[in-house]
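Chains as they are written, first to last, in this note's numbering: chain E, 1015 to 1178; chain S, 970 to 1428. For every residue, glycine included, the Cβ atom is placed at its ideal position computed from N, Cα and C. See below for the structure under consideration.
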Amino acid sequence: MSSSRSQTPTKRLLNELQTYQSDPNDALVELGPVSDNELTHWTAVMKGVPGTAYEGGRWKLDIRIPSNYPNAPPEVKFVTRICHPNVNFKTGEICLDLLKTSWSPAYTITTTLTSIQQLLTSAEPDSPLNVDIAQLFRLGDFVGAEALIRYYTESERWEGRQSV
Amino acid sequence: MSGPAYTPTDEELAHLQKLSSEFEPEVTGPLVGERQSSSAITTEYANADPVYRVKTAALPSKYSHYRTCRGDGHCGWRAIAFTYFEALLRLGDRNRFLEEETRLRSMGNLLNSIGFQEHLYEDFADECFDLLRKTESLVSAGNDERAAAELLASFNDVGVSMAIITYFKLLTSAWIQTHPNDFAPFLDLGQDIRQYCSTQIEPSVCEIDHVGMSALAEVLVKQAGFALEVLYLDRSAGEEINTYRFDPVSNDGLPLHNPPTLRLLYRPGHYDILYKMEDVQQPAIPQAPLHVALADYADEFVPMPTSRGMSDVMSLIPGMYPTGLGQNWPSVSYDYNPSPIPQPQMAAVPTYTSVPVPTTSQEYVNTAHHNVPLESPVGMSLNPPMTIERGGPFRPSMYELEPGFQSNHSQSLPFQTSIFRNSHYNTAHFLNPDFQPEEWSPDSEYVTGSRSRHKSASQ
Chain E
1015 MSSSRSQTPT KRLLNELQTY QSDPNDALVE LGPVSDNELT HWTAVMKGVP
1065 GTAYEGGRWK LDIRIPSNYP NAPPEVKFVT RICHPNVNFK TGEICLDLLK
1115 TSWSPAYTIT TTLTSIQQLL TSAEPDSPLN VDIAQLFRLG DFVGAEALIR
1165 YYTESERWEG RQSV
Chain S
970 MSGPAYTPTD EELAHLQKLS SEFEPEVTGP LVGERQSSSA ITTEYANADP
1020 VYRVKTAALP SKYSHYRTCR GDGHCGWRAI AFTYFEALLR LGDRNRFLEE
1070 ETRLRSMGNL LNSIGFQEHL YEDFADECFD LLRKTESLVS AGNDERAAAE
1120 LLASFNDVGV SMAIITYFKL LTSAWIQTHP NDFAPFLDLG QDIRQYCSTQ
1170 IEPSVCEIDH VGMSALAEVL VKQAGFALEV LYLDRSAGEE INTYRFDPVS
1220 NDGLPLHNPP TLRLLYRPGH YDILYKMEDV QQPAIPQAPL HVALADYADE
1270 FVPMPTSRGM SDVMSLIPGM YPTGLGQNWP SVSYDYNPSP IPQPQMAAVP
1320 TYTSVPVPTT SQEYVNTAHH NVPLESPVGM SLNPPMTIER GGPFRPSMYE
1370 LEPGFQSNHS QSLPFQTSIF RNSHYNTAHF LNPDFQPEEW SPDSEYVTGS
1420 RSRHKSASQ
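Here it is in structure tokens:
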């Protein structure tokens, strides 16, 4: 109609990509569109936070960007399985208010992924998507929980292109 | 429905819970609607709760028009943003558009200081500046109608509309965070300012709350020299819709006189836009000089604190506002304000009929040129303001405003003796300090004549 600047997220996404390339995110190994001709489908590889049970981990994430981005949040899912109270072990769905109700257009893909990394260390077992690990947390069995997380962090580690 | 023994399984409950939490009411209608007569609101509530009925019945007489906003969770933000542009348009001064753009641009520092990245908000800000420029160019070409149409079309474009709302949200958030002392006391106990802003102001889907509205009024509305008026239509006791105002102040802290006002109608959970008759008309006379708080430089504005409060009070009296365009005579009444606090007297107008009474040709919501401050003679505080019931566009003479002007000399004093009559105590005597020549009055002659005739008949 009158102006189309905000109608498609293309300009914004290119802008974000450029910013990421000049100022990479410490939480990530890589981030970018799956292919050059599909700008609304990104992928990322996230690092585990040192000093936590997720230390040394690598997880691949799938990012789908809706056409009304940035007015609506991107859909982010874990492709690599992760053992976390707020992440569905099978589907990779993430329970984070930032990805739903408290999304703001002032966030970007990278800041969103930083928040997801922070979620790893600040789990909320009271709204679980993974009941098994949440139950361990709720019972106070932190040794058992850590062991389980370390096991999956190691065994499910995304090797991706690095190992190829 | 199902038998009493039926208990839903956990899965069914989970499914129902999912449905209910994902439920979004189907919202229809334009993002910002066309302006229409506010009697539609009265009609809408005609069969509703009596409290609503009474409150809405008086509405059209004061607020002649309204405009709907789509209830999609952004209506409060959108209503303020839209009326802000519209207020600029109403002023019709192209410099004001430029001033506003400069002022808003100058707030980039505010956004940066909070940590918003320029490359993120500039898209939203540019959308706002584009619209300012577009309307400005149409206004300076003298094409106000097209400018209004452009404004409406832009706000009905989801992209533009959301970009401007987002920009204003970020400004609001930055304002709250840079003025924590003004807002922290109003947050929930223990709530952190930053956390509040990121959950209640910045999210793309969150409606404006009172704290947000005060902040937006500060950062956007008041600094532009506009006032914001919100009418709360709820089921609270009383016959009037509660009104809340955010008034701009000049640099010396005094309220601006008669600022352009953005008016909203709030019904629990939803905002619409209201207009008074004066907002709808094109300004025939150039407006009084208006002032922007662009920066903190001194302005030459001379505030008139007493008269502004008065005109507000007048506008609150039901039925005191013309209901049709045709009745809009130039004002023949004068607000007269003998004491600084006239409210108690004015408030004593408890009853009114629910049907708006066609008023006489008087307009109480006056603009500056209607407001004649009168010298205050002692003992004149009878019943302000005095209104002269008289048709036509003529100003009353100052003598007509004197209490008892017409009654004083139209009937001769019944106890007059010939000695008194010829003394200088008689006002008709040329030595009397209040000399007032006798006038022949057919009415009084007729009255005395009939009275004596009546007397003689009864005897």
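Query                                                                                                                         : Result
Per-residue DSSP class, three states only, for Ile1177(S)                                                                     : coil
Check: Pro1402(S) C-beta below 7 Å from any heavy atom of the ligand GTP                                                      : This structure does not include the ligand GTP; it has no bound ligands of any sort.
Sequence ranges, beta strand (DSSP E) only - wholly within the segment 1073-1136 of chain S, length at least 3                : none
Status (buried if at least 16 other CB within 10 Å, exposed otherwise) for Gly997(S)                                          : A quick correction: the sequence has Thr, not Gly, at residue 997(S). So Thr997(S) ends up on the exposed side.
CB contact below 8 Å: Ser1136(E) versus chain S                                                                               : no
Segment contact, 8 Å Cβ cut-off, at least three pairs: the segment 1085-1101 of chain E with the segment 1131-1147 of chain E : yes
Other residues of its chain near Glu1170(E): CB distance less than 6 Å, five sequence neighbours each side excluded           : Thr1094, Arg1095
Cβ pair Ser990(S), Ser1116(E) closer than 8 Å                                                                                 : no
Contact residues within the segment 1161-1179 of chain S, judged by C-beta distance below 7 Å to chain E                      : Ser1167, Thr1168, Glu1171, Pro1172, Ser1173, Val1174
Any C-beta of chain S under 8 Å from that of Arg1171(E)                                                                       : no
Chain E contact for Met1182(S) (CB, 8 Å cutoff)                                                                               : no
Under 8 Å (Cβ pairs) to chain S, residues found in the segment 1118-1137 of chain E                                           : Ser1118, Pro1119, Ala1120, Thr1122
Cβ-based burial, Arg1232(S) [other Cβ within 10 Å; buried from 16]                                                            : buried
From Ala1132(S), Lys1191(S), Phe1155(S), residue whose alpha carbon lies closest to that of Glu1171(S)                        : Ala1132(S)
Ranges of the alpha helix (DSSP H) found wholly within the segment 1009-1048 of chain S, counting only runs of at least 4     : 1019-1026, 1028-1031
Within chain E, the residues that Thr1135(S) reaches when beta carbons sit closer than 7 Å                                    : Pro1119
Gly1158(E), enclosing alpha helix (DSSP H) - first and last residue                                                           : 1156-1169
Chain E within 8 Å of Leu1139(S), Cβ atoms only                                                                               : yes
CB contact check: Leu1031(E) to chain S, cutoff 8 Å                                                                           : no
Listed by chain order, chain S residues near Arg1152(E) by CB distance under 7 Å                                              : In chain order: nothing, as chain S lies at least about 19 Å away.
Status (buried if at least 16 other CB within 10 Å, exposed otherwise) for Ala1015(S)                                         : exposed
Distance between beta carbons of Leu1200(S) and Leu1225(S), contact taken as under 8 Å                                        : About 21 Å; that fails the 8 Å criterion.
Cα-Cα separation, Tyr1032(S) to Asp1248(S)                                                                                    : 9 Å
Neighbour-count burial assignment, Asp1391(S), 16 or more Cβ in a 10 Å radius                                                 : For clarity, residue 1391(S) is Asn in the given sequence; the question names Asp instead. Looking at its Cβ environment, which holds fewer than 16 other Cβ atoms inside 10 Å, Asn1391(S) is exposed.
Presumed contact (8 Å Cβ cut-off) between Gln1131(E) and Val1043(E), rounded CB distance                                      : Contact doesn't hold; Cβ gap of about 12 Å is too wide.
Proximal residues to Arg1022(S) (C-beta, below 6 Å), its chain only, five neighbours per side dropped                         : Tyr1014
Spatially closest choice to Phe1093(S) from Gln1005(S), Phe1137(S), Thr1396(S), Arg1036(S), by CA coordinates                 : Phe1137(S)
Nearest to Ala1159(E) (by Cα), restricted to the options Ile1077(E), Trp1056(E), Ala1137(E)                                   : Ala1137(E)
Chain E contacts from the segment 1058-1087 of chain S (Cβ-Cβ distance under 7 Å)                                             : Phe1085
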